[in-house]
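Worksheet for the structure shown next.
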Amino acid sequence: MNNSFQQEPWVRILPARDFDNPPLQALHDLWNRKRDSRPMPSRDDFDPLELKDDLGWIVLVDVEHEPVRFRYRLIGTNITHLVGRDATGAYLDELYPPSAERVATSSFREILQSKTPNRILGTMHHAEKGFLEFEAVDLPLSADGETVDMIMVRSAFRP
Numbered sequence: 119m120n121n122s123f124q125q126e127p128w129v130r131i132l133p134a135r136d137f138d139n140p141p142l143q144a145l146h147d148l149w150n151r152k153r154d155s156r157p158m159p160s161r162d163d164f165d166p167l168e169l170k171d172d173l174g175w176i177v178l179v180d181v182e183h184e185p186v187r188f189r190y191r192l193i194g195t196n197i198t199h200l201v202g203r204d205a206t207g208a209y210l211d212e213l214y215p216p217s218a219e220r221v222a223t224s225s226f227r228e229i230l231q232s233k234t235p236n237r238i239l240g241t242m243h244h245a246e247k248g249f250l251e252f253e254a255v256d257l258p259l260s261a262d263g264e265t266v267d268m269i270m271v272r273s274a275f276r277p
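Position in the sequence shown counted from 1, then plus 118, gives you my numbering.
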């Protein structure tokens, strides 16, 4: 992990291994198989049918460059139900105050440099739901095999 990224005490970015939730490990393993010898697979490498058990818990984030911005392309229905809103299509820098956006995108920014997945442990602060503990895997995707243009996030929430 690139230590230039400051971490908040309620969010930890770790190497993508030793997952507590088997579905996160399974998706990480699938990502590795899909990339084969490439640094990253593309979104087109994934068939929604092979992700059917995960789809409700997946978020796809578009990555824009120059300037770097992140936009929710898709938010799984289980997540929208859990948090009580659907922010599909929203830019994270317009949705969250600067300090929260910095935390929400810290793993994404690191992935832009490392081009490798991250394991995230943390507590999501949500106004209407209080605090939700979670574990997630952030997986970089690339149409050209070199530039991260999307990030797939698979989350698991603890009761």
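From the three backbone atoms N, C-alpha and C, an ideal C-beta is built for every residue, glycine too.
Going along the chain, which unbroken runs of the beta strand (DSSP E) with 3 or more residues stay wholly within the stretch 223-265?
Within the stretch 223-265, the complete beta strand (DSSP E) runs of at least 3 residues are 236-244 and 248-259.
Under DSSP, the beta strand (DSSP E) around V130 begins and ends at which residues?
Residue 130 is actually Arg in this sequence, not Val. It spans V129 to P133 - the beta strand (DSSP E) in which R130 sits, taken as one unbroken run.
Can you check whether the CB of S273 is closer than 8 angstroms to the CB of F252?
Against a cut-off of 8 angstroms, the Cβ pair of S273 and F252 comes out as a contact.
Do V179 and M268 come within 8 angstroms of each other at the CB atom, strictly closer than that value?
Yes.
For S217, name the three-state secondary structure that DSSP assigns.
If DSSP states are grouped into helix, strand and coil, S217 belongs with the helices.
Tell me A274's beta-bridge partners as DSSP assigns them.
Bridge partners of A274: E253.
Please report the straight-line C-alpha distance between R220 and I193, rounded to a whole angstrom.
Those two C-alpha atoms are separated by around 19 angstroms.
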